[in-house]
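Let me begin by presenting the structure, written as structure tokens, before commenting on it.
There are 2 protein chains.
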Amino acid sequence: MQTDSPSEETPADRRRLRVRESIISAAERVFAKEGESGLSIRRLADEIDYSPSAIYKYFGSKDELIDELKEAFFERLLAKIDGSSSADRPFLQRAKACVATYVDTAVTRPFHYAAAFSSIKHSLPENGGGPLSWDGFVTTSKGQAFGVLISMVTEGQELDIFDPSLDPVMAAKSLWAGSHGLAQLLIHMPHFHQLVPEQQPMTAKDFIEFHADLQIRGLLKPADGSGNGRLPGQNS
Amino acid sequence: MQTDSPSEETPADRRRLRVRESIISAAERVFAKEGESGLSIRRLADEIDYSPSAIYKYFGSKDELIDELKEAFFERLLAKIDGSSSADRPFLQRAKACVATYVDTAVTRPFHYAAAFSSIKHSLPENGGGPLSWDGFVTTSKGQAFGVLISMVTEGQELDIFDPSLDPVMAAKSLWAGSHGLAQLLIHMPHFHQLVPEQQPMTAKDFIEFHADLQIRGLLKPADGSGNGRLPGQNS
DNA sequence: TTCAGAAAGTGAACACTGTTCACTCTTGTA
DNA sequence: TACAAGAGTGAACAGTGTTCACTTTCTGAA
Numbered sequence: 219m220q221t222d223s224p225s226e227e228t229p230a231d232r233r234r235l236r237v238r239e240s241i242i243s244a245a246e247r248v249f250a251k252e253g254e255s256g257l258s259i260r261r262l263a264d265e266i267d268y269s270p271s272a273i274y275k276y277f278g279s280k281d282e283l284i285d286e287l288k289e290a291f292f293e294r295l296l297a298k299i300d301g302s303s304s305a306d307r308p309f310l311q312r313a314k315a316c317v318a319t320y321v322d323t324a325v326t327r328p329f330h331y332a333a334a335f336s337s338i339k340h341s342l343p344e345n346g347g348g349p350l351s352w353d354g355f356v357t358t359s360k361g362q363a364f365g366v367l368i369s370m371v372t373e374g375q376e377l378d379i380f381d382p383s384l385d386p387v388m389a390a391k392s393l394w395a396g397s398h399g400l401a402q403l404l405i406h407m408p409h410f411h412q413l414v415p416e417q418q419p420m421t422a423k424d425f426i427e428f429h430a431d432l433q434i435r436g437l438l439k440p441a442d443g444s445g446n447g448r449l450p451g452q453n454s
Numbered sequence: 219m220q221t222d223s224p225s226e227e228t229p230a231d232r233r234r235l236r237v238r239e240s241i242i243s244a245a246e247r248v249f250a251k252e253g254e255s256g257l258s259i260r261r262l263a264d265e266i267d268y269s270p271s272a273i274y275k276y277f278g279s280k281d282e283l284i285d286e287l288k289e290a291f292f293e294r295l296l297a298k299i300d301g302s303s304s305a306d307r308p309f310l311q312r313a314k315a316c317v318a319t320y321v322d323t324a325v326t327r328p329f330h331y332a333a334a335f336s337s338i339k340h341s342l343p344e345n346g347g348g349p350l351s352w353d354g355f356v357t358t359s360k361g362q363a364f365g366v367l368i369s370m371v372t373e374g375q376e377l378d379i380f381d382p383s384l385d386p387v388m389a390a391k392s393l394w395a396g397s398h399g400l401a402q403l404l405i406h407m408p409h410f411h412q413l414v415p416e417q418q419p420m421t422a423k424d425f426i427e428f429h430a431d432l433q434i435r436g437l438l439k440p441a442d443g444s445g446n447g448r449l450p451g452q453n454s
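First to last, the sequence lines map onto chains P and S. To convert, count from 1 in the first sequence and add 218; that's this note's numbering. To convert, count from 1 in the second sequence and add 218; that's this note's numbering.
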């Protein structure tokens, strides 16, 4: 199928890529609206006017197809939070925006984000089941997005804003957990943000910012000299 | 089937309850080990030596059965964090323990916890799809567990430890999101806790406590006395 | 231009799934 | 003892992901 010069793209290649792309885009359309349960191979085949078995000439399995959707999503997410963290604004604003953007992007494509954390026992395909390796992780989009968080923490420490005694990786993981949790709750409990005893107006965006604020607050450098700011470990 | 006196329990009632219980316990056993995907009606029927259709004489659907497992789990969780929050210890220790217990309990039964937050668009069956009502929510086990968090925040404010300018409900939601996020990440990314560049010993328990610490820190009363959204006096 | 081989595409089948329904068997009561 | 209600069953339906032998289409070389 390939010609002698490997960089050349034959008509067959283009045709194959076009069909592959049509599968992906149909899958993306259905998945974004109805999620994994709404996306069946037969339905997909119907939408692109091919037989179900034809799909398997392009993707090894349904999971492999969905993995591609998730990976594409995390690339978008990475680009967004990377943009937030490198914008031309004061540090604390950027830090908060970074968290807020993460949550906001996740909520915008709930099925993608939820699916990315839906499997139990093996979240990294390339390392199925084994202990999560650092080197393997940081090359994924997910890992790179995490790297943005780490950089943010170290920058905050260099600026003498964040507590220097914190391990940046652990702090970033904590930050990730906090953002992830809010995203998940907003996704899985509609109107979570306006869940209050007295009905007061509160948009999801407002609550996301409130949460980001609190998250960042936990990392702030404790007031100097006072034993109050730092959380006492054993006593209190 | 009921006798004239409604409080009396006939042998038929007991028999029915026994079969029902055997279904639940078989389901619990399979579900705890393999999760929703490993639990099929036919397999369940095999395990209890009944036909698949017999199950439908006891539960309206597979979802209804699983809902019962999830509800039972949240009742256990509620009891546990309620115990943590009311133990005879200093406040900050209790507060941290409360968060840590939540995460720990979730991680211990990963499938139960994950399943409880797996559906998108309607997390409260009794309110399917509509806006989440406060009154409906606080009566569920989930809602009551949340109530424990709110009480903890208000107590911290009364003790002059937590920032009094924070809305207790919003702070509790933020806390919940943070705990939920860590639980989810630990469940869905095995060895998340020991995901570090240099391999240094770090147990899940240790990381949970670190995270709980940071979460609580975010709620502390700022040392300089200013309220929400304070900026550090240092350069930024 | 012809022709072999590779790739693309297909339809039927397999082994599953949750669920339903007409049916039989068992049980408790009048 | 007769009868009705409940318990339990087997077969079937509609759906799923996936496989495989098969045909059709295309392409690169003789």
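Glycine included, each C-beta is placed from N, C-alpha and C at the ideal position.
* To do: Note the first and the last residue of the continuous alpha helix (DSSP H) segment covering Met-388/S.
  => Within the second sequence, the letter at position 170 stands for residue 388/S. Element bounds for Met-388/S: 386-406.
* To do: Could you tell me if Asp-209/S is buried or exposed, where buried requires 16 or more neighbouring beta carbons within 10 angstroms of its beta carbon?
  => Outside the displayed span of chain S (219 to 454) sits residue 209/S, for which this structure offers no information.
* **Backbone CA spacing between Pro-270/S and Ser-258/S [nearest angstrom]** => Start at 1 with the first residue of the second sequence, and residue 270/S comes out as number 52. Start at 1 with the first residue of the second sequence, and residue 258/S comes out as number 40. Rounded to whole angstroms, Pro-270/S to Ser-258/S spans 9 Å at the Cα level.
* Asked: Mind listing which residues of the region 232-260 of chain P have their C-beta closer than 7 Å to chain S's C-betas, in chain order?
  -> Gly-253
* Asked: On the premise that Leu-262/S lies in contact with Ala-250/S, defined as a C-beta separation below 8 Å, what is that separation, rounded to the nearest angstrom?
  -> Looking up residue 250/S in the second sequence gives position 32. Looking up residue 262/S in the second sequence gives position 44. Ala-250/S to Leu-262/S, Cβ: 14 Å. No contact.
* Say whether chain S places a C-beta atom closer than 9 Å to the C-beta of Pro-229/P. => Taking the first residue of the first sequence as 1, we reach residue 229/P at position 11. It does not; no Cβ of chain S falls within 9 Å.
* Select from the region 319-337 of chain S all residues with a C-beta closer than 8 Å to any C-beta belonging to chain P, and list them in chain order. => Pro-328, Phe-329, Ala-332, Phe-335, Ser-336 and Ser-337
* Asked: Got a sec? Which residues, its chain only, sit under 7 Å from Pro-280/S by beta carbon, not counting five neighbours each side?
  -> On the second sequence, residue 280/S is found 62 positions in, with the first residue counted as 1. The amino acid at residue 280/S is misidentified as Pro; the sequence shows Lys. Apart from the 5 residues on each side of it in sequence, Lys-280/S sits with its Cβ closer than 7 Å to the Cβ of Ile-259 in its chain, given in chain order.
* To do: Please go through the same chain and pick out, in chain order, the residues whose beta-carbon is closer than 7 Å to the beta-carbon of Ala-272/S, but skip the five residues on each side of it.
  => For the purposes of this step, residue 272/S is taken as the residue at position 54 of the second sequence. Ala-263, listed in sequence order.
* For Leu-283/S, decide whether its Cβ has a neighbour in chain P, counting only Cβ atoms nearer than 9 Å. => Position 65 of the second sequence, counted from the first residue, corresponds to residue 283/S. At a cut-off of 9 Å between beta-carbon atoms, Leu-283/S makes no contact with chain P.
* To do: Measuring only between beta-carbons, confirm whether Ala-272/P sits less than 9 Å from chain S.
  => Translated into the one-based positions of the first sequence, residue 272/P becomes position 54. No, its Cβ sits nowhere closer than 9 Å to a Cβ of chain S.
* Asked: DSSP state of Phe-380/S, grouped into three classes?
  -> Taking the second sequence and counting its residues from 1, the one referred to as residue 380/S is at position 162. Note: Phe-380/S maps to strand in three-state DSSP.
* For Ala-313/S, collect the residues of the same chain with a Cβ closer than 7 Å to its Cβ; drop the 5 residues on either side in sequence, then sort them by chain order. => Taking the second sequence and counting its residues from 1, one reaches residue 313/S at position 95. If we look at Ala-313/S and ignore the five residues flanking it on each side, its Cβ neighbours are Met-370, Gly-374 and Ile-434.
* Taking the continuous alpha helix (DSSP H) assigned at Lys-160/S, which residues delimit it? -> Only positions 219 to 454 of chain S appear in the structure, and residue 160/S is not among them; the question remains open.
* In or out: Lys-423/S buried (at least 16 other Cβ within 10 Å) or exposed? -> In the second sequence, residue 423/S corresponds to position 205, counting from 1. Classification of Lys-423/S: exposed, given that the 10 Å Cβ count is below 16.
* Asked: Hey, quick one: how far does the alpha helix (DSSP H) through Phe-309/S stretch, first residue to last?
  -> Within the second sequence, residue 309/S is the residue found at index 91, counting from 1. Segment 309-326, the alpha helix (DSSP H) holding Phe-309/S.
* To do: Indicate, with yes or no, if the ligand GTP has a heavy atom lying under 8 Å from the CB of Ser-279/P.
  => This structure lacks the ligand GTP; in fact it carries no ligand of any kind.
* Asked: Which chain P residues sit within Cβ distance under 7 Å of Ala-395/S?
  -> Looking up residue 395/S in the second sequence gives position 177. The contacting residues are Gly-396, Gly-399, Leu-400, Leu-403 and His-429.
* Asked: When the Cβ atoms of the region 348-364 of chain S are set against those of the region 289-308 of chain S, are three or more pairs found closer than 8 Å?
  -> yes
* Asked: Since Pro-415/S meets chain P, which of its residues come closer than 7 Å, beta carbon to beta carbon?
  -> As a first step, residue 415/S must be located in the second sequence, where it is residue number 197. Correct list: Trp-352 and Val-387.
* Asked: Mind pulling the chain P residues with CB within less than 7 Å of Gly-436/S?
  -> Residue numbering aside, residue 436/S sits at position 218 when the second sequence is read from its first letter. Neighbours of Gly-436/S on chain P, chain order: Leu-432, Gln-433, Arg-435 and Gly-436.
* Asked: Cα separation between Val-253/P and Ala-395/P?
  -> The sequence position of residue 253/P within the first sequence is 35, counting from 1. The sequence position of residue 395/P within the first sequence is 177, counting from 1. In the sequence on display, residue 253/P carries Gly and not Val. Going from the Cα of Gly-253/P to the Cα of Ala-395/P covers about 23 Å.
* Can you give me the start and stop residues for the alpha helix (DSSP H) that Phe-249/S sits inside? => Position 31 of the second sequence, counting from 1, holds the residue named residue 249/S. Per DSSP, Phe-249/S is one residue of the alpha helix (DSSP H) stretching across 229-256.
* Asked: Taking 9 Å as the CB-CB cut-off, is Met-407/P touching chain S?
  -> Mapped onto the first sequence, residue 407/P falls at position 189. Output row for Met-407/P: interface = yes.
* Taking Glu-239/S as the reference, give the member of Tyr-276/S, Glu-376/S and Gln-412/S with the closest Cα. => Here residue 239/S corresponds to residue number 21 of the second sequence, with the count starting at 1. Measuring from the Cα of Glu-239/S, the nearest candidate turns out to be Tyr-276/S.
* Would you mind sorting Arg-294/S into buried or exposed? The rule is 16 or more other CB atoms within 10 Å of its CB. => For this step, residue 294/S is matched to residue 76 along the second sequence. With fewer than 16 other Cβ atoms inside 10 Å of its own Cβ, Arg-294/S counts as exposed.
* With a threshold of 16 other CB atoms inside 10 Å of the CB of Gln-418/S, please say whether the residue is buried or exposed. => Mapped onto the second sequence, residue 418/S falls at position 200. It is exposed - the Cβ of Gln-418/S has fewer than 16 other Cβ atoms within 10 Å.
* To do: In the DSSP assignment, find the alpha helix (DSSP H) that holds Ala-272/P and state where it starts and stops.
  => Your numbering for residue 272/P matches position 54 in the first sequence. Counting along the chain, the alpha helix (DSSP H) containing Ala-272/P begins and ends at 270-273.
* Asked: How about Ala-333/P and Ala-401/P: are their beta carbons less than 9 Å apart?
  -> One-based indexing of the first sequence puts residue 333/P at position 115. One-based indexing of the first sequence puts residue 401/P at position 183. Taking 9 Å as the Cβ cut-off, Ala-333/P and Ala-401/P do not qualify as a contacting pair.
* **Against chain P: residues of the region 370-387 of chain S by CB proximity under 7 Å** => Val-387
* **Neighbour list for Phe-355/S in chain P, Cβ cutoff strictly below 7 Å** => Residue 355/S sits at position 137 when you count from the first residue of the second sequence. Ordered by position in chain P, the residues that pass the 7 Å Cβ test against Phe-355/S are Leu-413.
* Asked: Is Val-414/P helix, strand or coil by DSSP?
  -> If you number the first sequence from 1, residue 414/P lands on position 196. Of the three classes helix, strand and coil, the one that applies to Val-414/P here is coil, per DSSP.
* Asked: Exposed or buried, what is Asp-353/P when buried is set at 16 or more other beta-carbons lying within 10 Å of its beta-carbon?
  -> Position 135 of the first sequence holds residue 353/P. Counting Cβ neighbours within 10 Å, Asp-353/P comes out exposed, since fewer than 16 surround it.
* Under 8 Å between beta-carbons, which chain S residues line up against Phe-410/P? List them in chain order, please. => Numbered from its first residue, the first sequence carries residue 410/P at position 192. Chain S residues near Phe-410/P: Leu-350 and Lys-391.
* Proximity below 9 Å, CB of Val-414/P to CB of Val-414/S -> As a position in the first sequence, residue 414/P is number 196, starting the count at 1. As a position in the second sequence, residue 414/S is number 196, starting the count at 1. The answer is no: Cβ separation not under 9 Å.
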